[in-house]
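Participant: The first sequence lines up with residues -14 to 562 when you count with the working numbering. From the three backbone atoms N, C-alpha and C, an ideal C-beta is built for every residue, glycine too.
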Amino acid sequence: MDRSERARPSKETPGEREASANFIRDIIVQDIQSNKNRGRVATRFPPEPNGYLHIGHAKAFCLNFGMAEEFNGTCNLRLDDTNPSKEEVEYVESIKQDIRWMGFDWEDRLYYASDYFDKLYEYAVQLIKAGKAYVCCLPPDKVSEYRGVFGRPGTDSPYRNRPIEENLRLFEAMRRGELAEGSHVLRAKIDMASPNMNMRDPTVYRILKVPHHRTGDKWCIYPMYDFAHCLSDSIEGITHSLCSIEFEDHRPLYDWFLDQLEVPCHPQQIEFARLNLSYTVLSKRYLQQLIDEGFVTGWYDPRMPTLSGMRRRGYTPDAIKTFMERIGIAKKEGVVDVSLLEYILREQLNLTSPRVMAVLDPIKIVIDNYPEGQSEEFDAPYHPDDPSMGSRKVPFSRVIYIERDDFREQPPKKWFRLAPGREIRLRYACLIKFVNAVKDAKTGEIVEIHCTWDPESRGGNAPDGRKVQGTSHWVSAAHAISAEVRLYDRLFNKPHPMSLKDGSKFTDHINPESLKTMTNCKLEPSLKGAPKGARYQFERLGYFCVDSLDSTEQHLVFNRTISLRDSWEKIEKAIKT
RNA sequence: UCGGGAGUCGUUCAAGGGUAGGACGUCGGUCUUUGGAACCGAUAACGGUGGUUCGAAUCCACCCUCCCGAGCCA
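1) Among all the DSSP beta bridges, which residues are the ones paired with G527?
2) May I ask you to report which of helix, strand or coil DSSP gives R185?
3) Please list, in chain order, all residues of the same chain as V542 whose beta carbon is under 8 Å from its beta carbon, the five residues on each side excluded.
4) Counting only the same chain and skipping the five closest in sequence on each side, list residues whose C-beta sits under 8 Å from that of S19.
5) Going by beta carbon distance, what residues of the same chain come within less than 7 Å of T59, once the five residues before and after it are set aside?
6) Could you please give the first and the last residue of the uninterrupted beta strand (DSSP E) stretch that includes V128?
7) Kindly list the residues whose CB is nearer than 7 Å to the CB of W91, restricted to its own chain and excluding five residues on each side of it in sequence; keep chain order.
8) Going by C-alpha distance, which of F381, R377, Q522 is nearest R331?
9) For D346 and P31, what's the separation of their Cα atoms in angstroms?
10) Are there three or more Cβ pairs, one per stretch, closer than 8 Å when the segment 442 to 455 is compared with the segment 474 to 491?
11) With three or more C-beta pairs closer than 8 Å as the rule, is the segment 98 to 105 touching the segment 211 to 227?
12) Any idea which residues DSSP pairs N421 with across the strands?
13) If I follow the unbroken alpha helix (DSSP H) through Q15, where does it start and stop?
14) For H235, tell me which candidate among P180, R377, A304 has the shortest Cα-Cα distance.
15) Can you tell me which of the three DSSP states W86 falls into?
16) Can you give me the Cβ contacts of G116 inside the same chain, cut-off strictly under 8 Å, excluding the 5 residues immediately before and after it?
17) With F257 as the anchor, note down where its beta strand (DSSP E) starts and where it stops.
18) Pick helix, strand or coil for G406, following the three-state DSSP scheme.
19) Tell me, to the nearest whole angstrom, how far the beta carbon of T291 is from that of H39; I am working on the premise that it is less than 8 Å.
20) Nearest to A178 by CA position, among S168, P138, A109, K194, is which residue?
21) For my contact list, C436 and K424 are in at a C-beta cut-off of 8 Å; report their separation, rounded to the angstrom.
22) Just verifying my parser: in three-state terms, what is the DSSP assignment at W284?
23) Can the beta-carbon of L171 be found less than 8 Å from the beta-carbon of Y144?
24) Could you tell me how far apart the beta carbons of F529 and R545 are, in whole angstroms, since I believe they sit closer than 8 Å?
25) For E33, collect the residues of the same chain with a Cβ closer than 6 Å to its Cβ; drop the 5 residues on either side in sequence, then sort them by chain order.
26) Taking the C-alpha atoms as reference points, what is the distance between K44 and Y239?
27) So, with DSSP's three-state summary, where would you put T502?
28) Could you have a look at G24 and say whether DSSP puts it in helix, strand or coil?
29) Within this structure, are the beta carbons of S293 and S499 separated by less than 8 Å?
30) Among all the DSSP beta bridges, which residues are the ones paired with L262?
31) Just reading off the alpha helix (DSSP H) that P237 is part of, what are its end residues?
32) Where does I350 fall in DSSP's three states?
33) Nearest to R160 by alpha carbon, out of H540, G136, K194?
34) If distances are taken between C-alpha atoms only, which option among S129, A465, L112 comes closest to F156?
35) Would you report the Cα separation of E554 and K517, rounded to the nearest angstrom?
36) On the DSSP bridge assignment, give the partners of D141 in chain order.
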């Protein structure tokens, strides 16, 4: 292809995501140029409804919906429900909700593989009539044994050359429920000597006497993935069937079925590497295990990499989409550093979150020279770099709270915050100067700190131009509202919890601090009535959102989406070592 | 053992017979009423060995490493 014709990254305008080149886009561009499929692009996202969608699925559907959008095509949502023993309606609903939340629309193209059960049955009959499939009576362990091992050909089933009429009769008996589960299967007659195990007479239909969440008990035989998937794609007129790398050696089988049968079209299967993320696990099975063993509260726990967990945590769909574009699409399998996701999240939240003040672990400050019973208000902008977000009034009075962590009796080097003898700024308010700290006689714990303020410094600066190094966020005690704040962190403390060489289980590496609940938090009064899901930056702390499940008007609950970058933490570590 | 796939900065994605580029990370700096943000700079890579060529990361050969595959799961 001429280089100038190649899909290039779109011009970068502020706030717009950049489209990066990827090999799938290149293929689609070529296909359009050669007028393959008459220039049409049709993709689909085919999740199995046996669990909640996670960020790995998001990579797949962002690609499928994204390509369709970009090339004026369509993307279908198809629930791949061919195994009723594992699938549930709850999952179907969550899948739809999560995709919608991410901003994609399948319009009227919501399909189920089970929509095609009648057609698939007919295709199977067609295959039998063509002498390309047979009913095998080998029990499961024998089927496996006959299939053989890598490097050596398998053995033909003794039922392989059954007459077509008998196959037809037995398949019909399977369908009618006359045969026991496990006793018979329909198999494609391909090649028991193929080096590709998928081609050694794969199972096409099995008996499963299980009701289906959509077809009820109409069927007791169900098609296998390889058969159902390629045909569903063809029935829907899919042009590009994008799937993950582990299906690469299923492609010959995908193509084989479509070649044997009279089908509407023959989509092209293209494989790409699935997403892996550091400090997390991305597999339904392991996520289910985290739930079952009580490490998290459910699929929607804010620490889970599920879309419902991330939504509750405060992630934005846009951050996830931008992440997908930045990591790109390739065939190489790898692990993306979660810090890139976090960077993009902060990048977006920084632009869009109103700033407010919240003290999570309060310590009382008494302003000795501020009159008792008096108060005043300071004007505080909602965003320091975006005046269009406006401002609010923050009340100030004699007793306020600051963060316990913002005071040190014996400050280390490079400490900018409050300490004996120091003067600091209260954000958007004034300068205060340390007087003394009052300790509990028994425990030695500091119960309150006395300071004086400089009334001339209203707004935050002294007219004499003197500078202070530190600025603290604060809340007026008399005006504060109480709340619970849940501090979430990475779920694992190892970058690759799934591949430790020491023989440990991944659950051994759960971060014990992945959730820290703060119950005595003080918020500025403007936060009263904050609606579920609302996002804020708590100044100097991080990005937080109102919990969508547990927060009530009487008892506000906030989740920490992500902390602010903390360069003091780095300095502190450097000093200690 | 056989088949399939993949190897480019620490990570991820590019480019590609002619100076290997971006982003994150890391390190340093500027600025700052968030130790935030922003800005500037530095860092660092073509798995190996041969061959073809004026020139190879790119083409060829061989080798090495890693991933997937023996469900009546998807």
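Facilitator: Reading it off the structure:
1) In the first sequence, counting from the first residue as 1, residue 527 sits at position 542. F523, S548, per the DSSP bridge assignment.
2) On the first sequence, position 200 is the one that residue 185 refers to. R185 falls in the coil class under three-state DSSP.
3) By one-based count along the first sequence, residue 542 stands at place 557. Within the same chain, V542 has close Cβ partners A468, E469, V470, R471, V531, D532, D535, S536.
4) In the first sequence, counting from the first residue as 1, residue 19 sits at position 34. Apart from the 5 residues on each side of it in sequence, S19 has no Cβ closer than 8 Å to any other Cβ in its chain.
5) As a first step, residue 59 is located in the first sequence; it is residue number 74 there, counting from the start. The beta carbon of T59 lies closer than 7 Å to those of A27, A53, R94 in the same chain, with the five residues before and after it left out.
6) Within the first sequence, residue 128 is the residue found at index 143, counting from 1. Careful: V128 lies outside any beta strand (DSSP E), inside the alpha helix (DSSP H) at 125 to 132.
7) Numbered from its first residue, the first sequence carries residue 91 at position 106. Cβ neighbours of W91 beyond the five flanking positions: C60, N61, L62.
8) Residue mapping note: residue 331 aligns to position 346 of the first sequence, counting from 1. Among F381, R377, Q522, the Cα nearest to that of R331 is on Q522.
9) Here the question's residue 346 lines up with position 361 in the first sequence. Here the question's residue 31 lines up with position 46 in the first sequence. Going by the C-alpha atoms only, they are around 47 Å apart.
10) Taking 8 Å as the limit for Cβ pairs, the verdict is that the segment 474 to 491 does not touch the segment 442 to 455.
11) Judged by Cβ distances under 8 Å, the segment 211 to 227 makes contact with the segment 98 to 105, as three or more pairs qualify.
12) In the first sequence, residue 421 corresponds to position 436, counting from 1. Under the DSSP definition of a beta bridge, N421 partners with H435.
13) Here residue 15 refers to the residue found at position 30 when the first sequence is read from its first residue. 8 to 18 is the extent of the alpha helix (DSSP H) around Q15.
14) Residue numbering aside, residue 235 sits at position 250 when the first sequence is read from its first letter. Per the Cα distances, P180.
15) If you number the first sequence from 1, residue 86 lands on position 101. Reduced to three states, the DSSP call for W86 is helix.
16) Here residue 116 is taken as the residue at index 131 of the first sequence, counted from 1. If we look at G116 and ignore the five residues flanking it on each side, its Cβ neighbours are I149, K174.
17) Numbered from 1 along the first sequence, position 272 holds the residue referred to as residue 257. Note, F257: beta strand (DSSP E), 253 to 257.
18) Indexing the first sequence from 1 puts residue 406 at position 421. In the structure shown, G406 adopts coil according to DSSP, grouped into three states.
19) The sequence position of residue 291 within the first sequence is 306, counting from 1. The sequence position of residue 39 within the first sequence is 54, counting from 1. Right, their Cβ atoms sit about 5 Å apart.
20) On the first sequence, residue 178 is found 193 positions in, with the first residue counted as 1. Per the Cα distances, P138.
21) Along the first sequence, read from residue 1 onward, the residue named residue 436 stands at position 451. Along the first sequence, read from residue 1 onward, the residue named residue 424 stands at position 439. With a beta-carbon spacing of about 16 Å, C436 and K424 fall beyond the 8 Å limit used to define contacts.
22) Numbered from its first residue, the first sequence carries residue 284 at position 299. W284 sits in coil when the DSSP states are folded into three classes, being neither helix nor strand.
23) Position 186 of the first sequence, counted from the first residue, corresponds to residue 171. Position 159 of the first sequence, counted from the first residue, corresponds to residue 144. Going by beta carbons, L171 and Y144 fall outside the 8 Å limit.
24) In the first sequence, residue 529 corresponds to position 544, counting from 1. In the first sequence, residue 545 corresponds to position 560, counting from 1. Right, the Cβ-Cβ distance comes to about 5 Å (below 8 Å), so this counts as a contact.
25) Numbered from its first residue, the first sequence carries residue 33 at position 48. D65, listed in sequence order.
26) Sequence index remark: in the first sequence, residue 44 carries index 59 (1-based). Sequence index remark: in the first sequence, residue 239 carries index 254 (1-based). C-alpha of K44 to C-alpha of Y239: approximately 23 Å in a straight line.
27) Translated into positions along the first sequence, residue 502 becomes position 517. Correct three-state label for T502: strand.
28) Translated into positions along the first sequence, residue 24 becomes position 39. Of the three classes helix, strand and coil, the one that applies to G24 here is helix, per DSSP.
29) Indexing the first sequence from 1 puts residue 293 at position 308. Indexing the first sequence from 1 puts residue 499 at position 514. With a cutoff of 8 Å on beta-carbon distance, S293 and S499 are scored as not near each other.
30) For this step, residue 262 is matched to residue 277 along the first sequence. L262 is bridged by DSSP to V321.
31) Your numbering for residue 237 matches position 252 in the first sequence. Following the DSSP letters along the chain, one finds P237 inside the alpha helix (DSSP H) bounded by residues 236 to 245.
32) On the first sequence, position 365 is the one that residue 350 refers to. It is a strand residue.
33) As a working mapping, residue 160 is identified with position 175 in the first sequence. Distances from the CA of R160 to each of H540, G136, K194 were compared; the closest alpha carbon is that of K194.
34) As a working note, residue 156 is residue 171 in the first sequence. Taking only the C-alpha atoms, the option nearest F156 is L112.
35) Indexing the first sequence from 1 puts residue 554 at position 569. Indexing the first sequence from 1 puts residue 517 at position 532. Those two C-alpha atoms are separated by around 31 Å.
36) On the first sequence, residue 141 is found 156 positions in, with the first residue counted as 1. Bridge partners of D141: none, in fact.
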